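For the sequence shown, the numbering used here begins at 314 and goes up steadily by one. No residue lacks a Cβ here, since even glycine has one placed at the ideal position from N, Cα and C. The model shown is predicted, which means the values in this text are computed figures rather than measured ones.
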Amino acid sequence: MTRLNVTLDDEHSEKLRILAERARVQEGTLARSLLSSALDEADPDARHLAELLDSIDGAFDRAQQGLAEGREGRTVSLDDL
Numbered sequence: 314m315t316r317l318n319v320t321l322d323d324e325h326s327e328k329l330r331i332l333a334e335r336a337r338v339q340e341g342t343l344a345r346s347l348l349s350s351a352l353d354e355a356d357p358d359a360r361h362l363a364e365l366l367d368s369i370d371g372a373f374d375r376a377q378q379g380l381a382e383g384r385e386g387r388t389v390s391l392d393d394l
């Protein structure tokens, strides 16, 4: 099993909290289930990957920001994570 940390914005975090409360499960349990379902439905064909990435709001801008931060040396060593 691989551990993955995901950060949600306030709106999605609140929605997850409400859904978990209604389902009477822990938020992490519900998040794992939702992510697993989304991954099961995702098309692994590389031809569709760009389309998938383009559908994520702000993804390109965040990627560009990450590149700029890397070039400026504002990074964290993997050993420090």
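Query                                                                                                                                          : Result
Going straight from the alpha carbon of G341 to that of G383, what length do you get?                                                          : 30 Å
Alpha carbons only, please: which of S349, E324, E334 is nearest the one belonging to T455?                                                    : There is simply no residue 455 to check, as the chain begins at 314 and stops at 394 in what is shown.
Could you give the residue range of the alpha helix (DSSP H) that holds E354?                                                                  : 340–354
Excluding five sequence neighbours on each side, which residues of the same chain lie with their C-beta closer than 7 Å to the C-beta of L329? : L321, E340, L343, A344
Grouping DSSP H, G and I as helix and E and B as strand, with all else coil, what is G379?                                                     : helix
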